[in-house]
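All remarks here apply to the structure that follows.
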Amino acid sequence: MTLLRRSLLAAALIAPALVHAAANVDAPAPAFTAMTADGKTVNLADFKGKTVVLEWTNHDCPYVKKHYSGNMQGQQKAAAAQGVVWLQVISSAPGQQGHVDGATAQKLNADRGAVVAATLLDPKGEIGKAYGAQTTPHMYVIAPDGKLAYKGGIDSIASNKADDIAKADPYVTQALAAIAAGRKVEKASTRPYGCSVKYAS
Amino acid sequence: MPSFLRFLSVALLAVPLLALAAPPQAGTEHVKARLVASQDTVAPGQRFTVALEQDIKAHWHTYWLNPGDSGQATSITWTGAEAGPIQWPTPAVQPIGPLVNYGYEGRVALLLDLTVPADAKPGSRFQPVAEVRWLVCKDVCIPEQVTLGLDLPVAAQAQAGADAAQIDEWRGAIPKPAPFAVQLKPAAQGVQLSGPGEGVTKAYFFADTWGAVAHSAPQALTAEGGGWALELPAGDDPVKPGQPLSGVIVLTTASGQQAWTVTAPMPEGAGKGPGPADLAAPSAAVPTPAPESDLGVLTAMALALVGGLILNLMPCVFPVLSIKALALVNQGNHKAEGLAYTAGVLASFALLAAVLIALRAGGQQVGWGFQFHSPVFVLVVAYLLFMVGLNLSGLFDIGGGFTGIGSGLAARQGLAGSFFTGVLAAVVATPCTAPFMGAALAFALAQPAAVLLAVFLALGLGLALPFLVLAFWPAAQRWLPRPGAWMDKFKQFLAFPMYAAVVWLLWVLAQQTGPDGVALALGGLVLIAFALWLRRASRGLAGGAVALASLVLALGVGSVIKPVSADVRAADAAVEAYSAERVVELRAQNKPVFVNMTASWCISCLVNERVALSRPEVKDAFAKAGITYLKGDWTREDPAITAVLKAHGRSGVPLYLYYAPGAAEAQVLPQILTPGLVIEAVSTPTNPAPRS
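Just so you know, the sequences run in chain order H and F. Going by my numbering, the first residue of the first sequence is number 1, and it counts up by one from there. Going by my numbering, the first residue of the second sequence is number 1001, and it counts up by one from there.
If you want it as C-alpha cells, here you go:
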C-alpha cells in the first residue's frame, strides 16, 4: 500500500512531463495530423526515424516562384534520393492567395516537376501556427529522432531574384547534409524570407 | 528646308543622349516612385540629399529596413554616384493575421546622401542611375522594380533647388539619435529596454534586425519615476551578451509622439542571473510585485514564502493540513513530525523544480499549473483525493497512516506518514496559484536553475511553515483543542471537502475530455472503492491481489482518457473566444477589448469571474463602454495563450488585460478582482495611467 501510494505520488509529480511542445530547435517538433492533396491522412509520427522537411508554400508568391525556377525541385529530388521525407504545407486560408484544393495542388506539382512525399492542406493554419510559419517559403527540418533540427529561410539571400540562388548559402541543403553525417546543424535558426503566410485574418 | 534638316539631325543626335539620363519618376501598378534632389546645380565632390518618394496605392504597403515577420525592405542600387545608406522614416506596425510587418502606407520618402564624383567637370551633367526594387503587399505580395535617374548640371558653384524645403520636411520624419542613453538587461521573456522620460503613455520599439525581438509579441510598458521600461520578448535570434540591440523607439507623451534611434549593448555576463546590483537594490526596481517579472531573487523568495503561506488556506490543502494539525493534539515527537512534514513538502517542490528545469532544458514552454493541462494528471490527483477521502471516512486504514491519529504507530511510521502528508499537501496545492506567487514564479521560470530551485523551496517553506510553527512552539499547541471522541467525527467530516475537491477535479476533466472521460473516471472511482472494500473484507492475500488488480485497472482507465479537440466554450453570449487576430481586429477599429485568460482548474480565476466579472454592474459597465469581452481558455495547453502570458510576465493564469480604445498597450489588472476595480479600469476614458 505504501509502495502504491509512493508510486502514485511519484506519478502525480512526474506527469507534467507529458505536456506540449513548441517549434524550437532541438525540441520535439510539434505533432500534427493533416489531410494530404491526394486525400490521405498523414501524421508526423508516421515518419519517426526519418528526416522530414516541411516546406511552407504558396504557388503564386514570387519568392516561391523564384525557387521553383529549378532550385526547389532539385533540392526535393536530392532529398528524396537520400530517403528524406519532403512535405509541402499550404496554410493559405480559403479565399487567400495560394489556397488550392488537393487536385490543383497535385496538378501544380506535376506541372512544375516538384517531387514531394505529400502536400499537406492546412487551410485553418493549425500546422502553420503550431510551427510559427511566417513566410513562403519557410523551411523546417526534423531529424530522425523527431526533434527540430532547422528552421528558417531556404537560403541566405533574401531576394526574389533567381540569380541570387547560386550566390546564397543553401541552408536546408546544409542542414540535411549535417544530419546525414551525424553532425550538428551549424546554422539551425535563420531568418525566413518571402511572402507572409496567408492565414485567415 | 535646311533648318528642318538641321533640326532633325540635332533631334536624332539628342535621342541617345536623352536615353542616358533615366527618368526621375516611374510608376508600377501599385507604386508611383520619383527621385527628388535637394540641388538644382551640383558642384564636383559635393554631397547632397536625394529622396526616393513612394506613393503607394491605398491599402498596400512597402517595407522598412527590418520588414518584420515577412516582406522585404526597399533597396536602391546606384551607378554613377557614391551613395550613403538609406535613412528610413519611422515605420508603422502592420498586423496581418498572426504576423506583424514593419512598413509604410500612403506616401513615404526614403532619404540618402549622394556624392558627386570629385572629377566631374563643371559644364557637364551629373546623371546617376538608381535601380529601385521594392516588395509591395496587401493580401498578396508583388516584387516591383523601376529604374530612375537624376540629370543635374555640374558647376563650380552648387545651387540649392526648389525641392530643398520639401526634403527638409521629409527629414523631419526620420528618427534622430536619442539625446538620452538607454539601458538593456535580460528580462523574463527576452530583454528589457529602459530609458528616461516623464509621462510616457505608449511606447514601441522597432528592432532594426530580424529575430532580436519577436515582432508580433506585445511590448509591455512600465512608466514611473521619470523613466520608462519596455519588455521585449525575444525573437528567433535573441541578442547575445556583449552584442548591441539597435532600432527605433517611439515614445508617446501628453505632448505628442517622438521617435529616436537607440543602441544599447546587452551586458556581458547577462543571462547568468541577477548580479549583485540586483540583489542590493531590489526595492528600487520593484514598484508593486504582481505584474513585474524582473524581481530580485530575495524579493521573489519572500513573495514565494508568503504565497506558500496563503496556499494553506486553499480548499484542497486545508483539510490535509487540518489532519496534520490534529495529530499534534496527541502525544508524540512533534518536532520530528514537523520536520518530516516540511521535508516532504520541500522534497516535492524540489522535484517539481527539477522537472521544470529538465523540461525547460528540453526547450519546452512551461508555466505554473501546467501539470493540470494533462487530463491524466488531473485524474490521478482526483483518485488520490478520493482515496484520502475514503480514508478519512474510515473505509480503510492506511498501514503507515497519513495521519497517525490514535493508532499507536511506531515513530518511524509516523514520520513517514508526516513526510507523505507533506508531499500530498504540495501536490494538491499546485493548482491554487495564490496572488503574489504568480510574479515570483514567472520570475523563477526565467532564471537559472539555482534561482528557480531557491524560489520553489521558499514556496514550499511557506506552505510548511504553519505546521512547523505548531510543532516547534508549544505555546501555539495550546491553542489546539483537547483530544477526544470529537476528533473522529471531525476527521470524518473532513472527508467531505476531499470529495468536493474530487467533484471539482472531475469537472475540470469534463472540460478536458468530455462526457466519456468523466464516465471513465467515475468508473475508476468505483473500482478504487471496490478495491479498498475488498482489501478490508478479505484480509487475505488473494483479496489483496484482486484489490491491487482493480487499482491498476482504475489507473489503466486513466491512460485511455484523451483530450477532446480544442473548442473554447463561451457559455455566456456576451463572451467571445479569445484569439490574437480578434484582438488586433478590434484594436484596429479602436474598440475597447477586455481579455480574460482563465482555466477551469484555476480557482482564483473562477472566483474572480464569480465575484467580479459576472456581476451585473460589471456587465453593465462593459456594455456601456462597448467593450468586447474575450475569454482565453488555458484549461488545456494553448501556445498562443502561453505566449500572451509570457509577454505580460506571467507564467500562469489568471491574466486580465484591458485595451482602451487607441491604447498602444494593454492595462494589466491585478490577479484579485473586485467589481469596483474592474469598472474603474474600463471606465477611464483615454489610455489609463500605465500600470504601476
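Beta carbons: idealized from backbone N, C-alpha and C, even for Gly.
Do F/LEU1311 and F/ALA1500 count as a contact pair if the criterion is CB distance below 8 Å?
Going by C-beta atoms, F/ALA1500 is not nearer than 8 Å to F/LEU1311.
From the beta carbon of H/ARG191, is the nearest beta carbon of chain F less than 8 Å away?
yes
Using a Cβ cut-off of 8 Å, pull out every chain B residue sitting near F/GLN1072, in sequence order please.
The structure shown has no chain B; the protein chains it does contain are H and F.
Mind checking F/GLY1652: buried by the 16 CB within 10 Å criterion, or exposed?
buried
Contact set between the region 25–50 of chain H and chain F, restricted to residues whose Cβ is under 7 Å from the partner:
Listed in sequence order: ASP26 and ALA27.
F/SER1075 by DSSP, collapsed to three states: which one?
strand
Quick check for students: name the residue ranges of the beta strand (DSSP E) that lie wholly in the region 1610–1688 of chain F, counting only runs of 3 or more.
1628–1633, 1655–1659 and 1667–1669
Determine the DSSP secondary structure at F/ARG1535, reduced to helix, strand or coil.
helix
Starting from F/LYS1202, trace the beta strand (DSSP E) in both directions and tell me its first and last residue.
1202–1207
Tell me whether F/ILE1627, by its Cβ, gets closer than 7 Å to a heavy atom of the ligand HEM.
The model on display carries no ligand, and the ligand HEM is accordingly not part of it.
Unbroken beta strand (DSSP E) runs of length 3 or more, entirely within the region 142–196 of chain H: which are they?
148–152
Just tell me which of F/ALA1425, F/GLU1053, F/GLY1338 and F/GLY1045 has its CA closest to the CA of F/ALA1118.
F/GLY1045
Output the distance between the C-alpha atoms of H/GLN134 and H/THR57, rounded to the nearest integer angstrom.
The alpha-carbon atoms of H/GLN134 and H/THR57 are separated by roughly 11 Å.
Rounding to the nearest angstrom, what Cα-Cα distance links F/VAL1526 and F/TYR1629 in this structure?
41 Å
Drop a sphere of 10 angstroms on the beta-carbon of H/TYR199, count the other beta-carbons inside from all chains shown, and report buried for 16 or more, exposed for fewer.
That one is buried.
Please list, in chain order, the chain H residues whose beta carbon lies closer than 7 Å to that of F/PRO1098.
LYS129 and TYR199
C-beta contact flag for F/LEU1221 and F/LEU1232 at 8 Å
no
Any chain H beta carbon closer than 8 Å to F/ALA1464
no
Between H/GLY182 and chain F, is the shortest Cβ-Cβ distance under 8 Å, so that the two count as touching?
For H/GLY182, no Cβ of chain F is located within less than 8 Å of the residue's own Cβ.
Residues, ordered as in the chain, of the region 1198–1211 of chain F that lie near chain H by beta-carbon distance below 8 Å:
TRP1210 and GLY1211
Drop a sphere of 10 angstroms on the beta-carbon of F/PRO1098, count the other beta-carbons inside from all chains shown, and report buried for 16 or more, exposed for fewer.
buried
Which of the residues in the region 1138–1167 of chain F, read from start to end, lie with their CB under 8 Å from any CB of chain H?
ASP1139, VAL1140, CYS1141, ILE1142 and PRO1143
With burial defined as no fewer than 16 other Cβ atoms inside 10 Å of the residue's Cβ, what is the status of F/TRP1228: buried or exposed?
buried
Assuming contact is defined by CB atoms lying nearer than 8 Å, are F/GLY1460 and F/VAL1355 in contact in what I supplied?
no
With a cut-off of 8 Å, do at least 3 Cβ pairs link the region 34–50 of chain H to the region 86–103 of chain H?
yes
Inter-residue spacing [alpha-carbon to alpha-carbon] between F/PRO1435 and F/MET1301
Residue confidence is low: F/PRO1435 scores 43 on pLDDT, short of 50, so the model does not pin down where it sits. No coordinate-derived value is stated.
Along chain F, which residues have their Cβ under 8 Å away from the Cβ of H/SER69?
What H/SER69 touches in chain F: nothing, since even the nearest Cβ is about 14 Å away.
Assigned exposure category for F/ALA1280 - 16 Cβ within 10 Å defines buried
With a pLDDT of only 27 at F/ALA1280, under the threshold of 50, the placement of this residue in the model should not be trusted; the figure read from the coordinates follows. By the 10 Å Cβ count, F/ALA1280 comes out exposed.
If I'm right that F/ALA1160 touches F/GLN1039 with Cβ under 8 Å, what's the distance once you round it to whole angstroms?
6 Å
Excluding the 5 residues preceding and the 5 following F/ALA1510 in the sequence, name in chain order all residues of the same chain whose CB lies nearer than 6 Å to its CB.
VAL1518
Using the rule of at least 16 other Cβ atoms within 10 Å of the residue's Cβ for burial, across every protein chain shown, is F/TRP1060 buried or exposed?
buried
Three-state secondary structure (DSSP) at F/GLY1190?
strand
If we define contact as Cβ-Cβ less than 8 Å, is F/ASP1055 a contact residue for chain H?
no
Enumerate, from N- to C-terminal direction, the unbroken beta strand (DSSP E) stretches of 3 or more residues contained entirely within the region 45–103 of chain H.
52–56 and 85–90
By the 10 Å Cβ neighbour count, where 16 or more other Cβ atoms means buried, how is F/GLU1169 classified, buried or exposed?
Here F/GLU1169 is exposed. Its C-beta has fewer than 16 other C-beta atoms within 10 Å.
Measure from the C-beta of H/PRO62 to each C-beta in chain F and report whether the shortest distance is under 8 Å.
So, interface residue.
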